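Novice: Under the numbering used here, residues 2 to 747 are what the first sequence spells out, in order.
Every residue gets a Cβ at the ideal spot worked out from N, C-alpha and C, and that includes glycine.
Everything numeric in this text was worked out from a predicted model, so none of it was measured.
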Amino acid sequence: MDVAELLADLNEPQRDAVAAADGPLLVLAGPGSGKTRVLTHRVAYLVAVGRVEPWRIMAVTFTNKAAREMRGRVQALVGQEALHRLTLGTFHAICARLLRVESEAMGRDPDFVIFDQDDQLLVVRRAMQELGLDDKRLAPRSALGAISAAKCELIGPGEYGGSTYVHELIGRVYDRYQRLLRASNALDFDDLLVDAARLLRHNEEVRRRYRRRYRHVLVDEFQDTNTAQYVFVKTLVGADEPDAPRNLFVVGDEDQSIYRWRGADYRNVERFRRDFPDAGVVLLEQSYRSTQTILDAARAVIDRNERRTPKKLWTQAGTGAPLSVFEARDGDEEAAYVAGEIERAARSGARHGEFAVMYRTNAQSRALEEAFLRRGIPYQLVGATRFYDRREIKDAIAYLRLTQNPLDEVSLGRVINVPPRGIGARSWQALSALAADLGVPRWTALQAIAAGEPAGAAQRIDARMAKGLAAFHAVLQDLHEARERLPVGELLDFALDRSGYRDWLRDGTEEGDDRWANVMELHAVAADVGGLVPGEGLVDLLQSVALVSEVDDLAEVAERVTLLTLHAAKGLEFPTVFLVGLEEHLLPHSRSLDDGEALAEERRLFYVGLTRARSKLHVTHASRRNLFGRPEPRERSRFLDDLPQRLVHGRGGSRAGRAGRSDSRFLDTRWERSPATPPPRPAGGAGRVAAAGAGFGPGDKVCHPTFGLGVVVSSVDLDGDTQVTVAFVGAGVRKLLQSYAGLKRA
DNA sequence: TGTTAACTTATTTTT
DNA sequence: TAAGTTAACA
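1. Per DSSP, what kind of secondary structure is T320 in: helix, strand or coil?
2. Go through its chain and collect everything with a Cβ distance to Q179's Cβ below 7 Å, but skip five positions before and after it.
3. Please report how far the alpha carbon of A434 lies from the alpha carbon of R183, in whole angstroms.
4. What is the C-beta distance between L403 and L480, in whole angstroms, given that I count them as a contact (C-beta under 8 Å)?
5. Tell me whether T236 is buried or exposed, calling it buried when 16 or more other Cβ atoms sit within 10 Å of its Cβ.
6. Alpha carbon to alpha carbon, how far is T294 from S288? Give it in angstroms, no decimals.
7. Taking the C-alpha atoms as reference points, what is the distance between M359 and K617?
8. Enumerate in chain order the residues of its own chain whose CB-to-CB distance from V283 is below 6 Å, with the five nearest sequence positions on each side excluded.
9. Is I306 helix, strand or coil when you go by DSSP?
10. What residue range does the beta strand (DSSP E) around I58 cover?
11. Taking contact to mean at least 3 C-beta pairs separated by less than 8 Å, is the region 45 to 57 in contact with the region 302 to 313?
12. Could you have a look at N65 and say whether DSSP puts it in helix, strand or coil?
13. In the structure shown, what three-state DSSP assignment does E485 receive?
14. Output the distance between the C-alpha atoms of L542 and A94, rounded to the nearest integer angstrom.
15. Under the rule that 16 or more other beta-carbon atoms within 10 Å means buried, what is D135, buried or exposed?
16. Answer yes or no: do V174 and M129 have a C-beta to C-beta separation smaller than 8 Å?
17. DSSP three-state label for I424, please.
18. Who are P535's beta bridge partners in DSSP?
19. With 16 as the cutoff for other CB atoms within 10 Å, does W444 come out buried or exposed?
20. Confirm, please, whether the CB-CB distance from D331 to R604 is below 8 Å.
21. In or out: G319 buried (at least 16 other Cβ within 10 Å) or exposed?
22. Leaving out the 5 sequence neighbours to the left and right, which residues in its chain are closer than 6 Å to K36 when beta-carbon positions are compared?
23. With DSSP collapsed to three states, give me the class of Y380.
24. Just tell me which of D110, A364, V44 and Y215 has its CA closest to the CA of G630.
25. Within the same chain, show all residues whose beta-carbon is closer than 8 Å to that of R72, passing over the 5 residues directly before and after it, in chain order.
26. Nearest to T226 by CA position, among F116, Q257 and Y211, is which residue?
27. Suppose the cutoff is 8 Å on Cβ atoms and the five residues either side in sequence are ignored; what does the same chain contact list for R592 look like?
28. Do you know offhand how far R213's Cα is from I424's?
29. Any chance you could list the alpha helix (DSSP H) runs of at least 4 consecutive residues sitting entirely within the region 268 to 308, in chain order?
30. Whole angstroms are fine: how far does the CA of R109 sit from the CA of R689?
31. Using three-state DSSP, classify F327 as helix, strand or coil.
32. Are there three or more Cβ pairs, one per stretch, closer than 8 Å when the region 514 to 521 is compared with the region 465 to 482?
33. Starting from Y211, trace the beta strand (DSSP E) in both directions and tell me its first and last residue.
34. Can you name, in chain order, every residue of its own chain whose Cβ lies under 8 Å from the Cβ of L1, other than the five neighbours on each side?
35. Once the 5 residues before and after D112 are set aside, which same chain residues still bring their CB inside 6 Å of it?
36. Whole-angstrom Cβ separation of L567 and L606, contact assumed at under 8 Å?
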């Protein structure tokens, strides 16, 4: 491919970026301005024109999906062979690989496993338990949040400080947490980034080696990098050292930074400009996605944010239709409106796949789903099915993790008695006590027991316990030995067989069969990864399994309306978009009202939603909405007031906006004046009685809007409320439902 | 080991 | 209100 061809279908600023000379470059790319295009063409340009060998290029994305898309597009430009040698992947995947290769320099075992959020939470709980901390005083979840935030800022447990008591507590938990991770030979998501950054920073030999190799580093979604990620790439290319390559090509949009709460800091854009003062800056302002009306509306909203490079997005697509703003009486009417509009459009030829409905919180999907079900409109809910969260999948993976790394105590605790093999809480406690006594990992203690070594004198491990534990040890031992002998697909078969898991799971029930089918799906993935090569695939399978997300496999062809949160919507586009719930306390969310930065992020979230639309945008809000069962009056979102009148179809403009604003004072006074106003009538009371009267009994097949098909196991009347236990077929979970919300006979 | 009753919590979730 | 979690119970 020659230069002319490569640059032919780019606009001028895109070309400036793609064909830029060596050195740092910042590309600020508005929504729909072709940022992936610029990235992929830049890679192709470096290879084809700059004669850079592909293995000297690293391209980093945030999601597997983005990496996959980029891979496809780069391949089309430079061919399969060059692509193969390119380093292209997510931050986490690239760092994980680096850490495995450099495990020696890290003083670590290369067989480390990666702990996901559930695992992390278990470790935090265990840490707090060991420290004797009450989880009511400090919620494990918030402790984990604080630890993660510290990590992203590259603050280690030793440096974690703070004046308050809670800080002190968290510091101790953090320290213990890291020790537990290390004892399990495990890294959490954050460690992957943190350790990679530290390694480059503090190990001169490694740093030099990687700098010599990677002459060009490209980063996608740069506004969403956290400190650890920024330090990683900055150290890799070197900011001011004389021998450093300094070829850092970053693409991002400050206005689309919506992961602050995950440690992302769009101010890395400012840092970049400070650290690389000679960096070129390219602005991509031409949109190939939306109409001018949508772009203008989005701009009016986002221009109210500070600390950003103002962009004026434009398009050749034409003005397009005005926005519609609809005020519903309540959430149900809002949902009915959305469903009705879609049905109407579908009748005149629109395909369901052209529509997306976006909301701030997952809870909002419920009303929408019900409205769609009622009208028979096909929809898909993004993020609803988590394959890798299913119990049977987690169990199977736990066995594989133990095969790779028997020190993994989370997995050990998970499957030591699954299937039941007589190792109950007592045995686990005895094992733990012995391990603690000897100061060794549980795995080592297990080995000692299996070898019949004098069980720690003080511990009471009777013969029966010892027998059970020894039997489990034998299972792990066999798995470990099979590791080099079998490709990972067969290894999984062996694990399921040897552990007795398969026979236990396939108990002849329908549910058992379904779960087994899921395991077989995992098996297909494993066979694919490992192929037929003995010893192959285990590390890769576990790594990819740990690093996938749900949005990754969003079916794009599905002819269904897509329902998704604003966060999940980033990077996507649809011809018609509905943004629902534009109300104070929802968007902006109540948790962000007293924090300017958080409020700015809510605004960006709205901006992201607005700019997902290609041609038609509907915005809705409700004047009352059921909150925790109670209908509450709702005030329209302040963001609606920022939509220019001229772009909005019909009414619902500034007049209503002003009314909405003064409403707040009205509400306040009314609330103050009569706090004892009788509560509004309970919504749908009659409906609930009727539902209860319908009386589901054991054996009834039912359908739940969230969990799908299930069978009622038992039902109990308590206090006018009914509690049913339902086994859900697809999800393979047993659930208690203390109401009948949306439950139907199937 | 599963069931039942009570308690508690209620954003977003790229990896 | 709904759903997740847990403690008590059989």
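Specialist: Looking at the atomic coordinates:
1. The residue you call residue 320 lines up with position 319 of the first sequence. Coil at T320, not helix or strand.
2. On the first sequence, position 178 is the one that residue 179 refers to. If we look at Q179 and ignore the five residues flanking it on each side, its Cβ neighbours are P158.
3. Residue 434 sits at position 433 when you count from the first residue of the first sequence. Residue 183 sits at position 182 when you count from the first residue of the first sequence. If you take the alpha carbons of A434 and R183, they lie about 19 Å apart.
4. Stepping through the first sequence from its first residue, residue 403 is reached at position 402. Stepping through the first sequence from its first residue, residue 480 is reached at position 479. Correct: roughly 7 Å between the Cβ atoms.
5. Position 235 of the first sequence, counted from the start, is the residue given in the question as residue 236. That one is buried.
6. As a first step, residue 288 must be located in the first sequence, where it is residue number 287. As a first step, residue 294 must be located in the first sequence, where it is residue number 293. Going from the Cα of S288 to the Cα of T294 covers about 12 Å.
7. Locating residue 359 in the first sequence gives position 358, where the first residue counts as 1. Locating residue 617 in the first sequence gives position 616, where the first residue counts as 1. Taking the straight line from one Cα to the other gives about 14 Å.
8. Along the first sequence, read from residue 1 onward, the residue named residue 283 stands at position 282. Same-chain partners within the cutoff: P14, D17, A18 and V28.
9. Within the first sequence, residue 306 is the residue found at index 305, counting from 1. Reading off the sequence, residue 306 comes out as Asn, not Ile. Looking at N306 - three-state DSSP - the assignment turns out to be coil, as it is neither helix nor strand.
10. Position 57 of the first sequence, counted from the first residue, corresponds to residue 58. Unbroken beta strand (DSSP E) run through I58: I58 to T62.
11. no
12. In the first sequence, the residue the question calls residue 65 occupies position 64. N65: helix per DSSP, three-state reduction.
13. Taking the first residue of the first sequence as position 1, residue 485 is located at position 484. Of the three classes helix, strand and coil, the one that applies to E485 here is coil, per DSSP.
14. Stepping through the first sequence from its first residue, residue 542 is reached at position 541. Stepping through the first sequence from its first residue, residue 94 is reached at position 93. L542 and A94: Cα-Cα distance of roughly 12 Å.
15. Locating residue 135 in the first sequence gives position 134, where the first residue counts as 1. Label assigned to D135: exposed.
16. Numbered from its first residue, the first sequence carries residue 174 at position 173. Numbered from its first residue, the first sequence carries residue 129 at position 128. It is a contact, given that the beta carbons lie within the stated cut-off.
17. If you number the first sequence from 1, residue 424 lands on position 423. DSSP places I424 in coil when its eight states are reduced to three.
18. Position 534 of the first sequence, counted from the start, is the residue given in the question as residue 535. DSSP, once it has assigned bridges, lists no residue as partnering P535.
19. The residue you call residue 444 lines up with position 443 of the first sequence. Buried.
20. By one-based count along the first sequence, residue 604 stands at place 603. By one-based count along the first sequence, residue 331 stands at place 330. In this structure, D331 does not lie closer than 8 Å to R604 by Cβ.
21. As a first step, residue 319 must be located in the first sequence, where it is residue number 318. Per the 10 Å Cβ criterion, exposed.
22. As a working note, residue 36 is residue 35 in the first sequence. A30 and V252.
23. One-based indexing of the first sequence puts residue 380 at position 379. Reduced to three states, the DSSP call for Y380 is strand.
24. For this step, residue 630 is matched to residue 629 along the first sequence. Residue A364 is the option with its Cα nearest to G630.
25. As a first step, residue 72 is located in the first sequence; it is residue number 71 there, counting from the start. L84 and L89, listed in sequence order.
26. Against the first sequence, residue 226 aligns to sequence position 225. Checked all of F116, Q257 and Y211; the closest Cα to T226 is Q257.
27. Counting from one through the first sequence, the residue named residue 592 turns up at place 591. Closer than 8 Å at the Cβ level, and outside the excluded window around R592, lie A599.
28. Indexing the first sequence from 1 puts residue 213 at position 212. Indexing the first sequence from 1 puts residue 424 at position 423. In a straight line, the C-alpha of R213 is about 53 Å away from that of I424.
29. 269 to 276 and 293 to 303
30. Stepping through the first sequence from its first residue, residue 689 is reached at position 688. Stepping through the first sequence from its first residue, residue 109 is reached at position 108. Because the pLDDT at R689 is just 27, under 50, the model does not fix this residue reliably, and the point stays unresolved.
31. Looking up residue 327 in the first sequence gives position 326. Strand.
32. no
33. Locating residue 211 in the first sequence gives position 210, counting from the first residue. Here Y211 belongs to no beta strand (DSSP E); instead the alpha helix (DSSP H) covers E205 to R214.
34. With the chain running from 2 to 747 in the structure shown, residue 1 is simply not present.
35. Looking up residue 112 in the first sequence gives position 111. Once the five neighbours on either side are set aside, the close Cβ partners of D112 are Q405 and N406.
36. The count along the first sequence starts at 1 and reaches residue 567 at position 566. The count along the first sequence starts at 1 and reaches residue 606 at position 605. L567 to L606, Cβ: 5 Å. Contact.
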